[in-house]
Amino acid sequence: MNKNRIVGRWLLMGVFMLMVQVLLGGVTRLTGSGLSITEWKPLLGALPPLNETEWLHLFDKYKQIAQFKYLNQDFTLSDFKFIFFWEWLHRNWARLISVAFLGPFIYFLYKKIITKEMVPKLMGLFILGAGQGLIGWIMVASGLNNEDNLYVSHIRLAIHFISALVLIAFTYWFALSLLVKEEDQIRNRSLNKFTWGVMGLLAVQLVYGAFMAGLKAATVAPTWPSINGDTIPAGLWQQSFIHHPINIHFIHRMLAYLLFGFVCLWYWKARSHSSSTLFRPIASCHWL
Numbered sequence: 018m019n020k021n022r023i024v025g026r027w028l029l030m031g032v033f034m035l036m037v038q039v040l041l042g043g044v045t046r047l048t049g050s051g052l053s054i055t056e057w058k059p060l061l062g063a064l065p066p067l068n069e070t071e072w073l074h075l076f077d078k079y080k081q082i083a084q085f086k087y088l089n090q091d092f093t094l095s096d097f098k099f100i101f102f103w104e105w106l107h108r109n110w111a112r113l114i115s116v117a118f119l120g121p122f123i124y125f126l127y128k129k130i131i132t133k134e135m136v137p138k139l140m141g142l143f144i145l146g147a148g149q150g151l152i153g154w155i156m157v158a159s160g161l162n163n164e165d166n167l168y169v170s171h172i173r174l175a176i177h178f179i180s181a182l183v184l185i186a187f188t189y190w191f192a193l194s195l196l197v198k199e200e201d202q203i204r205n206r207s208l209n210k211f212t213w214g215v216m217g218l219l220a221v222q223l224v225y226g227a228f229m230a231g232l233k234a235a236t237v238a239p240t241w242p243s244i245n246g247d248t249i250p251a252g253l254w255q256q257s258f259i260h261h262p263i264n265i266h267f268i269h270r271m272l273a274y275l276l277f278g279f280v281c282l283w284y285w286k287a288r289s290h291s292s293s294t295l296f297r298p299i300a301s302c303h304w305l
């Protein structure tokens, strides 16, 4: 097995672990668990509470934040343990990812499997991964000290989410660049530009999706296709496009319609540029 294939498969394993991490982040948000751990200990925080005294100590810390005071004041220790588990698992999976990166990285360097050309990109992955952990804590901190805020900042949530997707996309692209033969790669300037345009639109949609989640904006307009009976929300231009829930909901819907059309057009263009009569799976890799 050549060096590119070894490193490429290792990176694909990383992509899988990162995707699991995003799913765990989603579960953490949906269960309202994100603020259950009120401190950031990258190393010492790996172990959960080991006895009743430690559990009560952490529960007391959770009782100091606004989310407990105004939303979860009826929580028992058992309830706290449930939300603690998901946040703890989310953080520990991140620690496991760091081990899965650093361990093989050091071993591959020792065995000279990693070439000089790979090192800058791998260092970039390390910086992105470490930065993602810091961004995650900055997001959590936004919900700990504000008496008027029961949840984390929706803007910081969006940054945390998008940076995770960037990390996944970069890792996957790097893996494909090592695993896919040069002659099998689709190279077309027109398609490249269109792909980047669609990806840019998708990125904006994903940001607004995170805004929707952070502000719980889905419930402000439980009607379709209208927005509470309006085609265009009243006062659209008088309200913020990044803070007002109705505006965010409207933009998220409109972007979905627009994105659907552009993705269909992208599929047609990618298919027409394929060298075979069938749409090859490799064409779909052009996204990343």
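At position 52 of the sequence shown (counting the first as 1) the number is 69 in our numbering, and the numbers step up by one without a gap. By construction, the Cβ of each residue, glycine as well, lies at the ideal position given by its N, Cα and C atoms. Remember, it's a predicted structure, so these values are computed and weren't measured experimentally.
Within 10 angstroms of the beta-carbon of V24 lie 16 or more other beta-carbons, which makes it buried.
The residue among A117, F277, W213, R270 with its C-alpha nearest the C-alpha of G31 is A117. Residue pairing for D247: DSSP places it in a beta bridge opposite I244.
Burial check for F267: the Cβ neighbour count within 10 Å reaches 16 or more, so the residue is buried. Contact check for G62 and R108: beta-carbon distance about 7 angstroms, within the 8 angstroms limit, so the pair qualifies. In the DSSP annotation of this structure, the continuous segment of the alpha helix (DSSP H) that includes W105 starts and ends at 94-127. In the structure shown, the three-state DSSP call for L61 is helix.
DSSP, reduced to helix, strand and coil, places Y274 within a helical segment of the structure shown. Bounds of the alpha helix (DSSP H) holding I179 are 171-196.
In its chain, beyond the 5 residues on either side, W72, L73, F76 have a beta carbon closer than 8 angstroms to the beta carbon of L94.
Less than 7 angstroms divides the Cβ of V44 from the Cβ of W103. Leaving aside the five residues that flank M135 on each side, the residues in its chain whose CB is nearer than 7 angstroms to its CB run, in chain order, V24.
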